[in-house]
Amino acid sequence: EVQLVESGGGLVQPGGSLRLSCAASGFTFSSYWMSWVRQAPGKGLEWVANIKQDGSEKYYVDSVKGRFTISRDNAKNSLYLQMNSLGAEDTAVYYCARVVVVIAPYYHYYYMDVWGKGTTVTVSS
Amino acid sequence: DIQMTQSPSSLSASVGDRVTITCRASQSIGTYLNWYQQKPGKAPKLLIYAASSLQSGVPSRFSGSGSGTDFTLTISSLQPEDFAAYYCQQSYSTLWTFGQGTQVQIK
């Protein structure tokens, strides 16, 4: 069964740090781009970051650039999100997602087809 | 950044109704548009990718259309399990964005 399981969420003080993990199973992890998406309480979905299969390309939403770092360990089938300088605006459920890439001569479609259940991050004093 | 705007933000409908949700991009994104469904307390679920391709296992009452800046998600006959939030998402740029969501409620 294809599965993603997030962990590492919790309560952290403003200005603090937290490292989220996402354990993948049931598929060849090293063959897929991966994403982090978050959802603040009562709000919509916000894409946070993407990482290429070998980690050579990483992209971030502007609001987390310089504070968050996405990484992966293909040997451990794991995805990570290091979050520093956390603020109240980072309070959210964080989901990891598998990214499917369909590449053809004239297009390259990306979409998130498998999602974890999420881990909750609360930034509060 | 590419802004995605959904309308309406919420709607009330009855079982059996035909429902249409619109998503507009701030610039042309071709057909690099995906749709997700999210139920309360659950992770999002992929419904449609590349604007009109139905994800495996998704009922055929869901369909997507559009290209450029204007897209629609249609539910041909609303079922009780379809009451949820729906989000569009663009993957045209390297910085992805979601629409703000459309809540489909029971009338």
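Sequences listed follow chains Z and C, in order.
For the first sequence, our numbering assigns the number 2 to the initial residue and increments by one for each residue that follows.
For the second sequence, our numbering assigns the number 406 to the initial residue and increments by one for each residue that follows.
Even glycine gets a Cβ: it sits at the ideal position worked out from N, Cα and C.
With distances taken Cα to Cα, identify the nearest neighbour of C/Q476 among C/A490, C/Q495 and C/S415. Your numbering for residue 476 of chain C matches position 71 in the second sequence. It should be pointed out that residue 476 of chain C corresponds to Phe in this sequence rather than to Gln. The option with the nearest alpha carbon to C/F476 is C/Q495.
Quick one: grab the DSSP three-state call for Z/E47. Your numbering for residue 47 of chain Z matches position 46 in the first sequence. Per DSSP, reduced to three states, the secondary structure at Z/E47 is strand.
Can you check which of these residues, Z/A76, Z/V103 and Z/L80, is closest to Z/G9 by C-alpha distance? Start at 1 with the first residue of the first sequence, and residue 9 of chain Z comes out as number 8. Nearest in C-alpha terms to Z/G9, of all of Z/A76, Z/V103 and Z/L80, is Z/L80.
Roughly how far, in whole angstroms, is the beta-carbon of C/V509 from the beta-carbon of C/V424, given that I think they are within contact range, below 8 Å? Translated into positions along the second sequence, residue 509 of chain C becomes position 104. Translated into positions along the second sequence, residue 424 of chain C becomes position 19. The Cβ separation is near 6 Å, so the contact holds.
Since C/Y491 contacts C/L478 with CB under 8 Å, what's their CB separation in whole angstroms? Against the second sequence, residue 491 of chain C aligns to sequence position 86. Against the second sequence, residue 478 of chain C aligns to sequence position 73. 6 Å between Cβ atoms; contact.
Beta-carbon proximity of Z/E2 to Z/C97, cut-off 9 Å: Counting from 1 along the first sequence, the entry for residue 2 of chain Z is found at position 1. Counting from 1 along the first sequence, the entry for residue 97 of chain Z is found at position 96. It is not a contact, given that the beta carbons lie outside the stated cut-off.
Neighbourhood of Z/T70 by C-beta distance below 7 Å, restricted to the same chain and skipping five residues each side: Here residue 70 of chain Z refers to the residue found at position 69 of the first sequence. Around Z/T70: Q83.
Got a sec: which bits of the segment 419-453 of chain C sit with their beta carbon under 7 Å from any beta carbon on chain Z, in order along the chain? Those residues of the segment 419-453 of chain C that come within reach of chain Z (Cβ to Cβ, closer than 7 Å) are Y437, N439, A448, P449 and L451.
Evaluate Z/S36 with the Cβ neighbour count: other Cβ atoms within 10 Å of its Cβ, from every protein chain shown; 16 or more gives buried, anything less gives exposed. Taking the first sequence and counting its residues from 1, one reaches residue 36 of chain Z at position 35. Z/S36 is buried by the Cβ-count criterion.
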